[in-house]
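Trainee: Please read through the structure below; I'll follow up with questions.
There are 2 protein chains.
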Amino acid sequence: MSPDIETLVQKISRLPGLGPRSARRIVLHLLKNKEQNLEPILMSMKNVNEKVKVCPICFNIDTFDECCSICSDNSRRKDIICVVESVADLWAIDRTSCFLGQYHVLKGLLSSIEGRGPEVLMLENLKKRCDENKVTEIIVALSATVEGQTTDIYIRNFFKDSGIKITSLARGIPIGGELDYLDDGTLLTAFSARG
Amino acid sequence: MSPDIETLVQKISRLPGLGPRSARRIVLHLLKNKEQNLEPILMSMKNVNEKVKVCPICFNIDTFDECCSICSDNSRRKDIICVVESVADLWAIDRTSCFLGQYHVLKGLLSSIEGRGPEVLMLENLKKRCDENKVTEIIVALSATVEGQTTDIYIRNFFKDSGIKITSLARGIPIGGELDYLDDGTLLTAFSARG
Chain A
1 MSPDIETLVQ KISRLPGLGP RSARRIVLHL LKNKEQNLEP ILMSMKNVNE
51 KVKVCPICFN IDTFDECCSI CSDNSRRKDI ICVVESVADL WAIDRTSCFL
101 GQYHVLKGLL SSIEGRGPEV LMLENLKKRC DENKVTEIIV ALSATVEGQT
151 TDIYIRNFFK DSGIKITSLA RGIPIGGELD YLDDGTLLTA FSARG
Chain B
1001 MSPDIETLVQ KISRLPGLGP RSARRIVLHL LKNKEQNLEP ILMSMKNVNE
1051 KVKVCPICFN IDTFDECCSI CSDNSRRKDI ICVVESVADL WAIDRTSCFL
1101 GQYHVLKGLL SSIEGRGPEV LMLENLKKRC DENKVTEIIV ALSATVEGQT
1151 TDIYIRNFFK DSGIKITSLA RGIPIGGELD YLDDGTLLTA FSARG
């Protein structure tokens, strides 16, 4: 293996979920038929690399000219904004097609341990959007962790006097979840929120 | 997700060992910090794509000017050639550093089912190399499968009258292998080849 190929294997092995063995397998696959395997990926990567930006409105990462594919989609409701922790969460919610409003992507959750204060939430920005678009509901769709809950409460407090309805995702038993495998916290929540 | 990013996710999800979920995770990782993640891989891929070729001597896939890093390495013995099925096998043997000779990479194993005849072995080419470099030993390092064994026998027959010593990899119990988990074939071979 030449140093060039070795470098590529090393770089690919550092991607999430991969290791040296899977990286070698991928590189070999790419090299074996470079016209059909390596070049299309290379072109696609180059294209994305040139165009990818952070959306100035919702902070989504996307390829666009002025604002991301969600903010520029006129078929989506403008009066409802979903707050998510990351682009991964945005993609996950968007795959379900259950939400056809706007997003606000945080730069992270509040965390005193990792030194992330309210500035990562960019709430002034969100407030300005709410005023401009006459937003009626903000859905806080954060993880059910301590940091997620802290951030949830902070956002609720921030918008307390704004007249905007603030909702959070429901907590309970996940679909397909078996009772005896659930943790106590989830069971307790599911019991007290029964309906 | 814009169509550009979706295309990249799709292409990456078709790589060996990956699927839609791991591809999305990898693409997000690349996009999140494009200067540190996406661009180095892109550069490395571009570099490899420009330089990668099939070695005209041993048919290894590598980045080189005249012949591959193994054929052009003068510290390696020229009088011993190891026949392997694929570049993956060449890499596997080369990682052990136990063999410091030359290679001959087949285009596949003989297979009547998949219609691969002796032309995939390129033995005329190997013979010419043997004559030019006064090769004394050919190691046939093929898989212990039906196709591997058929190809092994074919190569032995081809070089029958050449005076070159033809050897194959030893068959037996793999290191770390437990007896009661081994298949009958391996056990039988290990018994009859005991020493």
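Read top to bottom, the protein sequences are chains A and B.
Last residue of the first sequence: 195 in our numbering, with the numbers rising by one and none dropped.
Last residue of the second sequence: 1195 in our numbering, with the numbers rising by one and none dropped.
Every residue gets a Cβ at the ideal spot worked out from N, C-alpha and C, and that includes glycine.
1. Relative to the alpha-carbon of Gly108/A, which residue among Arg129/A, Lys46/A, Leu142/A has its alpha-carbon at the smallest distance?
2. Roughly how many angstroms lie between the CA atoms of Ser97/A and Thr1063/B, to the nearest whole one?
3. Name the chain B residues whose beta carbon is nearer than 7 Å to that of Glu39/A?
4. Looking only at DSSP bridge pairs, what is Tyr1103/B linked to?
5. For the alpha helix (DSSP H) holding Val1027/B, just list the boundary residues, first then last.
6. Between which residues of its own chain and Val1084/B is the CB-CB distance below 8 Å, once the five residues before and five after are set aside?
7. Within the chosen definition, does the segment 20-31 of chain A reach the segment 44-52 of chain A through at least 3 CB pairs nearer than 8 Å?
8. On the DSSP letters alone, give me the boundaries of the alpha helix (DSSP H) that Thr243/A sits inside.
9. Between Leu121/A and Thr150/A, how many whole angstroms is the CB-CB distance? I'm expecting something under 8 Å.
10. Closer than 7 Å by beta-carbon distance: list the chain A residues that pair up with Val1052/B, in chain order.
11. Output, in chain order, the set of chain A residues within a Cβ distance shorter than 7 Å of Thr969/B.
12. Using CA atoms only, rank isn't needed, just tell me which of Ile1138/B, Val1146/B, Phe1099/B is closest to Leu1110/B.
13. Would Met1045/B pass as a contact of Leu18/A if the rule is Cβ separation under 7 Å?
14. Quick one: Cα of Ile173/A to Cα of Arg77/A, how far?
15. Under 7 Å, do Ile80/A and Gly101/A count as touching if we go by C-beta distance?
16. With a 10 Å radius around its C-beta and 16 neighbouring C-beta atoms as the bar for buried, classify Leu188/A as buried or exposed.
17. Are the beta-carbon atoms belonging to Ile139/A and Cys68/A less than 7 Å from one another?
Mentor: This is what the structure holds:
1. Leu142/A
2. 46 Å
3. Asn1049
4. Cys1082/B
5. 1020-1032
6. Leu1090, Ile1093, Tyr1103, His1104, Val1105, Leu1106, Ala1141, Leu1142
7. no
8. Past the edges of chain A, shown from 1 to 195, lies residue 243/A, and the structure says nothing about it.
9. Actually they do not touch by this definition, with Cβ atoms about 11 Å apart.
10. Leu31, Lys34
11. Only positions 1001 to 1195 of chain B appear in the structure, and residue 969/B is not among them; the question remains open.
12. Val1146/B
13. no
14. 29 Å
15. yes
16. exposed
17. no
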